[in-house]
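For reference, the structure is listed below as structure tokens.
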Amino acid sequence: ATSLFCIGTVYENLAKYDSALVCFLEAQAISEETGDSKLIAVAKTSLANIYYEMDNMAKAEEYYREAIVIFEKTGNKLGLLKSYYSLGQVSEHANNYAEALNSYTTALNLSFELGSYSDMANLNRIIGGLYESSGTADSAFAYYYRAMYIYKAVGNNESTASMLTSLARLENSRKNFVEAKEYLSEALDIAEQTSSKPLLSAVYRELAATFAGTNDFKKGFRYLEKYSGIKDSLMTEEKQKQILELQTKYET
Numbered sequence: 088a089t090s091l092f093c094i095g096t097v098y099e100n101l102a103k104y105d106s107a108l109v110c111f112l113e114a115q116a117i118s119e120e121t122g123d124s125k126l127i128a129v130a131k132t133s134l135a136n137i138y139y140e141m142d143n144m145a146k147a148e149e150y151y152r153e154a155i156v157i158f159e160k161t162g163n164k165l166g167l168l169k170s171y172y173s174l175g176q177v178s179e180h181a182n183n184y185a186e187a188l189n190s191y192t193t194a195l196n197l198s199f200e201l202g203s204y205s206d207m208a209n210l211n212r213i214i215g216g217l218y219e220s221s222g223t224a225d226s227a228f229a230y231y232y233r234a235m236y237i238y239k240a241v242g243n244n245e246s247t248a249s250m251l252t253s254l255a256r257l258e259n260s261r262k263n264f265v266e267a268k269e270y271l272s273e274a275l276d277i278a279e280q281t282s283s284k285p286l287l288s289a290v291y292r293e294l295a296a297t298f299a300g301t302n303d304f305k306k307g308f309r310y311l312e313k314y315s316g317i318k319d320s321l322m323t324e325e326k327q328k329q330i331l332e333l334q335t336k337y338e339t
């Protein structure tokens, strides 16, 4: 079964999902014959991942839930965390935000139990995004702030700046422009230090909105121009990347 997992993973990385599916199904059958719970759970998780990539959300959910049953019996909290996180993605993909929130919250609680700061930060960010999408600004702010605090504590500067920008966006929506400027000032310092174009683009866009909100249209327009320049640069880079990928595809 182990060799089948390896081969299936290679196919998965090559985006040959039908071949990967065959390997993982066979690995699951062998694991079930031997009664190896750990390998059965790995097989079900692998199958769920493949079905997710193939956009078959019903089958993905089915296998994630089957894996969860095994992880609960064996006390594998890390496996539970990953499975509930993935279930959240499945539900979000299906626009079932209430169920997604449920799964992400369960995963978040598990991340606290495991002391996994990276997962804590990411899940706070994701849950904050769900609340922002649903128009619940206060809850979104609370989760974004926690995510920002954890990212800052672990030294993840780009993610810290991203969350500061999200906090500023919420403050702008509530017309708290002074607070928005404070968050964006810190975010801009980090963005300039890292020279991250996507991050600079997001910060410039929010700065433009902030100054427009305070009727300082001169500064607002200046940041809007900076945002447009980086946005155009990013689009050009993306097109060049797509051309290179096509050339590589046809040359091989």
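As numbered in the numbering used here, the sequence shown has no gaps in its residue numbers, which increase by one up to the final residue, 339.
Where is the CB? At the ideal position from N, CA and C, for every residue including glycine.
Being a predicted model, the structure only gives us computed values, none of them experimental.
Worksheet item: Given that a residue counts as buried once 16 or more other Cβ atoms are within 10 Å of its Cβ, and exposed if not, what is T281?
Response: Flag for T281 reads exposed.
Worksheet item: DSSP three-state call for N123: helix, strand or coil?
Response: It is worth fixing the name first, because residue 123 is Asp in this sequence and not Asn. Coil, per DSSP.
Worksheet item: What beta strand (DSSP E) runs, 3 residues minimum, are completely inside the stretch 189 to 214?
Response: none
Fill in: Nearest neighbour of L188, chosen from R233, I214, L165 [CA to CA]
I214
Fill in: Pair within 8 Å by beta-carbon distance, L108 and E148
no
Item to complete: Can you tell me which of the three DSSP states K262 falls into?
Response: coil
Discussion item. Taking only three categories from DSSP, how would you classify N100?
Written reply: helix
Discussion item. Given this structure, state the Cα-to-Cα distance separating E153 from Y232, to the nearest angstrom.
Written reply: 34 Å
Practice prompt. State the CB to CB distance for the pair T297 and N259, rounded to an integer number of angstroms; the pair is presumed to be in contact (CB under 8 Å).
Written response: At roughly 6 Å, the Cβ-Cβ gap stays under 8 Å, so T297 and N259 are in contact.
Worksheet item: Cα separation between A295 and R309?
Response: 8 Å
Fill in: For A181, three-class secondary structure by DSSP
coil
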